[in-house]
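Chains as they are written, first to last, in this note's numbering: chain A, 1 to 337; chain B, 1001 to 1337. Backbone N, C-alpha and C fix where the C-beta goes; we use that ideal spot for every residue, glycine too.
There are 2 protein chains.
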Amino acid sequence: MARPSRAVISRAPTLDDVARAAGLSSMTVSRALNTPDQVRPETVKRVLAAVKATGYIPNALAGGLASRRSKLVAVLVPHINDPLFADTLQAMGETLSQRGYQMLLCSAGYTPQTETELVSTLMSRRPDGIVLTGIHHANDLKKIIFNASVPVVETWDITPTPIDMLVGFSHEKAGQATAEYLLGKGYRRPGLVWTTERTAAQRKNGLYEGLARHGITDVPCVESQLPARFADGRAGAAQLLETTESDVIICGSDTLAQGAISELQARGLRVPQDVAVMGFGDLDFAAANVPSITTIALDRRAIGARAATLLANRIEGRSDGEQIIDIGFHLTERESA
Amino acid sequence: MARPSRAVISRAPTLDDVARAAGLSSMTVSRALNTPDQVRPETVKRVLAAVKATGYIPNALAGGLASRRSKLVAVLVPHINDPLFADTLQAMGETLSQRGYQMLLCSAGYTPQTETELVSTLMSRRPDGIVLTGIHHANDLKKIIFNASVPVVETWDITPTPIDMLVGFSHEKAGQATAEYLLGKGYRRPGLVWTTERTAAQRKNGLYEGLARHGITDVPCVESQLPARFADGRAGAAQLLETTESDVIICGSDTLAQGAISELQARGLRVPQDVAVMGFGDLDFAAANVPSITTIALDRRAIGARAATLLANRIEGRSDGEQIIDIGFHLTERESA
DNA sequence: TTGTAAGCGTTATCAA
DNA sequence: TTGATAACGCTTACAA
Chain A
1 MARPSRAVIS RAPTLDDVAR AAGLSSMTVS RALNTPDQVR PETVKRVLAA VKATGYIPNA
61 LAGGLASRRS KLVAVLVPHI NDPLFADTLQ AMGETLSQRG YQMLLCSAGY TPQTETELVS
121 TLMSRRPDGI VLTGIHHAND LKKIIFNASV PVVETWDITP TPIDMLVGFS HEKAGQATAE
181 YLLGKGYRRP GLVWTTERTA AQRKNGLYEG LARHGITDVP CVESQLPARF ADGRAGAAQL
241 LETTESDVII CGSDTLAQGA ISELQARGLR VPQDVAVMGF GDLDFAAANV PSITTIALDR
301 RAIGARAATL LANRIEGRSD GEQIIDIGFH LTERESA
Chain B
1001 MARPSRAVIS RAPTLDDVAR AAGLSSMTVS RALNTPDQVR PETVKRVLAA VKATGYIPNA
1061 LAGGLASRRS KLVAVLVPHI NDPLFADTLQ AMGETLSQRG YQMLLCSAGY TPQTETELVS
1121 TLMSRRPDGI VLTGIHHAND LKKIIFNASV PVVETWDITP TPIDMLVGFS HEKAGQATAE
1181 YLLGKGYRRP GLVWTTERTA AQRKNGLYEG LARHGITDVP CVESQLPARF ADGRAGAAQL
1241 LETTESDVII CGSDTLAQGA ISELQARGLR VPQDVAVMGF GDLDFAAANV PSITTIALDR
1301 RAIGARAATL LANRIEGRSD GEQIIDIGFH LTERESA
């Protein structure tokens, strides 16, 4: 049964609807919207008016299918609610958005296993690029990415042999720098409150190496869950105090450090006079804490922004310059150690 | 010119490639992958083998275009790096992932203006659902959503007239509860360290109302930027102490409260004996802080999980039960006030 | 249970 | 500068 002629069209307006409204072909409308330079200014105006009149919103599914460019970037982080990654994500989202890309975000947990499954699912969206956290990935994952030949940026770590591009820094060097700084300050009995995460483990390696070089071994270490919380820092420090006589507590993150400081203060110990505390990450509270937290500062936003830029440039065919970016770190001396 | 038969196919394998490899039609392969119950078990096996052999990864762009279901949920939050939202996002991502949806995440800033633009862009992905933060949205935005007739969940606030579905709680009631609690505790000279965000403003309204009922007006308030940081809490408390004689500092978030407490302690003031401090959000450090922070506890993860469930159910046509969920809040008495 | 045909709403390509 | 036509890779609807 035919509908009455003034029937309301229930489906969303398409390019064809706009074309009809403007008295043009759909191809011209498409050009007016995507490459206005190739269309007469008057025509563009007509199209824009028709777009407004019809309430047209492009269908990126169809567009992506036809053009083989989805304008989508898949981002994998261990945890969205880990404050270390939060600023990176925020900056990445901003930069991607400016460049016309949207962010498909997944939390992958901290195991290569789940990461591979997720990437596989994400690939079905045909993203124009992928952002990975860390440099340790399952071989399956690399194979998938290689077969799809999609640009990748690995972040938050560094290696001379990334899958593709990279923005990060050396966790081992950060660990070593920490060891040297603290030894230079005269601390000799360090204790660790650490997390089980992979990059954290590398920092620990660097740290142990640096300490061992000065004959300090058998360093006690309390491990806590992820993401690291204030309470874990307190508990970790408490546990350390019960079993050892540390003169400095080195923490896997500023959050842990803040908790550790709190625990020490609660026990009437002065920081750093009685026990010093070292953090990692330079989170927003580190500078304002009492005492302020000596830590490894990172430009976390830069990781996100530069990763996004690297990806966007590559996608758009102008990948000039270095594809491995070491954003470095800066040991920031404050009051706590 | 015909290619040699053993030519390497450079493009990604399609359903047709799998079908050819399995000696079946592409439709049967599609069924074997999406609705295996409708296909003979043997056939499914053959398909799965062919999928593995070819390295096939479905094209969700094509699938979404044909089926009109994108399996995508667009999520808008003011800031990704605001710790209040982080747990909500994490839980939402987990639930969506379990239900087979992926999360398109955008930070919208805190203005309805940018939000509308973003939603417009996001709609081009034809998401199956949308998650919004807050209940105050531009009319344009509502129109876009209404025209597209896409399910929406508003979060982190409550109203009897949501656009569609809602998971949140009453900020005004939270403010009132805070006022009543503190008045009951005997505090009479409150000072505020607050943020400029919309829901925070509503809590302030509720708070002022509750205070006014007991004759307390002219409450001093220091406003700080978003997202609220520890340092802002310190600065806010400092400013308050200079100008007034508060017996309790009420903070717009636990982060601010933690900073405020730190500032008071740095000045040799005891919390709560000299000045009390009240927080909001029950962030992970609130219970472990010294002193522990009296705050408004929310099930932030529940907001994310329930919003995701609501959306998934609606999309899948089984939207039973309430569509407006008040997750409530709980004033948690601790040491700081 | 499996297959055929016709879209889904764009863009690439070539022609006018 | 504009238009016609054929993909893009999948699913819906219907047929066998």
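So for residue i, helix, strand or coil by DSSP?
i                         : result
glutamate 1137 (chain B)  : Checking the displayed sequence, the identity of residue 1137 (chain B) turns out to be histidine instead of glutamate. Histidine 1137 (chain B): coil per DSSP, three-state reduction.
isoleucine 158 (chain A)  : coil
leucine 226 (chain A)     : coil
isoleucine 325 (chain A)  : strand
alanine 1287 (chain B)    : coil
alanine 1337 (chain B)    : coil
glycine 1168 (chain B)    : strand
methionine 1 (chain A)    : For methionine 1 (chain A), the predicted model reports a pLDDT of 30, less than 50, meaning its position is unreliable and no value from the coordinates is stated.
proline 1163 (chain B)    : Rather than proline, the amino acid found at residue 1163 (chain B) in this sequence is isoleucine. It is coil, neither helix nor strand.
glycine 252 (chain A)     : coil
valine 119 (chain A)      : helix
leucine 1331 (chain B)    : strand
glycine 281 (chain A)     : strand
leucine 241 (chain A)     : helix
isoleucine 1296 (chain B) : strand
isoleucine 1144 (chain B) : helix
isoleucine 1216 (chain B) : coil
Could you work out which residue in the options is closest to residue i when comparing CA atoms only?
i                         : options                                       : result
alanine 308 (chain A)     : A:Ser67, A:Val39, A:Gln98 and A:Leu48         : A:Gln98
valine 1131 (chain B)     : B:Glu1197, B:Leu1166, B:Thr1054 and B:Ala1260 : B:Leu1166
glycine 1328 (chain B)    : B:Leu1182, B:Gly1109 and B:Ala1177            : B:Ala1177
alanine 1257 (chain B)    : B:Val1271, B:Thr1095, B:Thr1244 and B:Arg1031 : B:Val1271
valine 1018 (chain B)     : B:Leu1269, B:Gln1038 and B:Arg1046            : B:Arg1046
glutamate 1333 (chain B)  : B:Val1277, B:Arg1318 and B:Leu1311            : B:Val1277
aspartate 140 (chain A)   : A:Pro151, A:Pro112, A:Thr159 and A:Pro162     : A:Pro112
leucine 1048 (chain B)    : B:Asn1034, B:Leu1061, B:Asn1059 and B:Ile1145 : B:Asn1034
proline 1162 (chain B)    : B:Glu1180, B:Gly1064, B:Lys1142 and B:Ser1120 : B:Lys1142
alanine 1288 (chain B)    : A:Ala288, A:Ala312, A:Ala297 and A:Ile261     : A:Ile261
glutamate 1316 (chain B)  : B:Pro1220, B:Gln1090, B:Leu1096 and B:Val1248 : B:Leu1096
proline 1058 (chain B)    : A:Arg11, A:Met92 and A:Ala148                 : A:Ala148
leucine 331 (chain A)     : A:Gly184, A:Ala174 and A:Val51                : A:Ala174
glutamate 1094 (chain B)  : A:Cys106, A:Gly100 and A:Tyr101               : A:Cys106
alanine 50 (chain A)      : A:Ala66, A:Val150, A:Ala22 and A:Glu180       : A:Ala22
leucine 183 (chain A)     : A:Leu310, A:His136, A:Glu209 and A:Tyr101     : A:Glu209
methionine 1103 (chain B) : B:Ser1170, B:Leu1072 and B:Asn1081            : B:Leu1072
Spatial neighbours of residue i within its chain, please: C-beta separation below 7 Å, excluding the five flanking residues on both sides.
i                         : result
tryptophan 1156 (chain B) : Thr1133, Gly1134, Gly1168, Thr1199 and Ile1303
proline 13 (chain A)      : Thr54, Gly55 and Tyr56
leucine 15 (chain A)      : Ser26, Val29 and Ser30
isoleucine 144 (chain A)  : Val119, Ser120 and Met123
aspartate 232 (chain A)   : Ser224, Gln225, Leu256 and Gly259
arginine 1069 (chain B)   : Asp1128
arginine 1188 (chain B)   : Ile1216 and Asp1247
I'd like the list of long-range same chain contacts for residue i, defined as Cβ closer than 8 Å, with 5 residues on each side in sequence excluded.
i                       : result
aspartate 254 (chain A) : Gly279, Phe280, Gly281, Asp282, Leu283, Phe285, Ala286, Ile293 and Thr295
alanine 1108 (chain B)  : Leu1076, Val1077, Pro1078, Thr1114, Glu1115, Leu1118 and Thr1133
alanine 2 (chain A)     : Confidence at alanine 2 (chain A) is low in this model, with a pLDDT of 32, below 50, so its placement is unreliable and the value that follows should be read with caution. Hits under 8 Å: none found.
Using C-beta distances below 6 Å, list every residue in its chain close to residue i, excluding the 5 sequence neighbours before and after it, in chain order.
i                        : result
leucine 1084 (chain B)   : Gly1281
proline 1041 (chain B)   : none
proline 291 (chain A)    : Val271, Glu335 and Ser336
proline 1036 (chain B)   : Val1044
aspartate 1274 (chain B) : none
glutamate 263 (chain A)  : Arg234, Ala237 and Ala238
arginine 1318 (chain B)  : none
alanine 91 (chain A)     : Arg301, Gly304 and Ala305
At a cut-off of 6 Å, would you count residue i as near the ligand FAD, judging by its Cβ distance to the nearest heavy atom?
i                      : result
proline 1041 (chain B) : The model depicted lacks the ligand FAD and carries no ligand whatsoever.
Check your understanding: Given a limit of 8 Å on CB to CB distance, which residues of the stretch 1283-1317 of chain B reach chain A?
Key -> Cβ contacts with chain A: Asp1284, Phe1285, Ala1287, Ala1288, Asn1289 and Val1290.
Point to revise | Residue ranges of each beta strand (DSSP E) within the stretch 1066-1111 of chain B, 3 or longer | key: Taking 3 residues as the shortest admissible run, the stretch 1066-1111 of chain B contains the following complete beta strand (DSSP E) segments, listed from N- to C-terminal end: 1072-1077 and 1102-1107.
Review point. Given a limit of 8 Å on CB to CB distance, which residues of the stretch 1087-1105 of chain B reach chain A?
Key: Under the 8 Å Cβ criterion, the stretch 1087-1105 of chain B contributes Asp1087, Leu1089, Gln1090, Gly1093, Glu1094, Ser1097, Gln1102, Met1103, Leu1104 and Leu1105.
Check your understanding: Taking a cut of 7 Å between CB atoms, which residues from the stretch 1046-1070 of chain B lie near chain A?
Key -> Those residues of the stretch 1046-1070 of chain B that come within reach of chain A (Cβ to Cβ, closer than 7 Å) are Gly1055, Ile1057, Pro1058, Asn1059, Ala1060, Leu1061, Ala1062, Gly1064, Leu1065 and Ser1070.
Review point. What are the uninterrupted segments assigned as beta strand (DSSP E) that are 3 or more residues long and contained completely in the stretch 1003-1067 of chain B, given in chain order?
Key: With a minimum length of 3 residues, no continuous beta strand (DSSP E) run stays inside the stretch 1003-1067 of chain B.
Exercise for review: Check each residue of the stretch 114-125 of chain A: if its Cβ is closer than 9 Å to any Cβ of chain B, include it; give the result in chain order.
Suggested key: Those residues of the stretch 114-125 of chain A that come within reach of chain B (Cβ to Cβ, closer than 9 Å) are Leu118, Ser120, Thr121, Leu122, Met123, Ser124 and Arg125.
Exercise for review: Using a Cβ-Cβ cut-off of less than 9 Å, give me the residues of the stretch 1245-1272 of chain B that come near chain A, in sequence order.
Suggested key: Of all residues in the stretch 1245-1272 of chain B, only Thr1255, Gln1258, Gly1259, Ser1262, Glu1263, Gln1265 and Ala1266 come within less than 9 Å of chain A when Cβ atoms are compared, listed by chain position.
Check your understanding: Taking a cut of 7 Å between CB atoms, which residues from the stretch 1134-1149 of chain B lie near chain A?
Key -> Along the stretch 1134-1149 of chain B, the positions whose C-beta sits under 7 Å from a C-beta of chain A are Asn1147 and Ala1148, read in chain order.
**Study point:** Residues in the stretch 1223-1234 of chain B having any Cβ partner in chain A nearer than 7 Å
**Key:** In summary, the residues of the stretch 1223-1234 of chain B whose CB is separated from some CB of chain A by less than 7 Å are Arg1229, Phe1230, Ala1231 and Arg1234, in the order they occur in the chain.
**Study point:** Contacting positions in the stretch 1072-1087 of chain B - beta carbon closer than 7 Å to chain A
**Key:** Here the close residues are His1079, Ile1080, Asn1081, Pro1083, Ala1086 and Asp1087.
Check your understanding: Given a limit of 9 Å on CB to CB distance, which residues of the stretch 1022-1037 of chain B reach chain A?
Key -> Those residues of the stretch 1022-1037 of chain B that come within reach of chain A (Cβ to Cβ, closer than 9 Å) do not exist; the list is empty.
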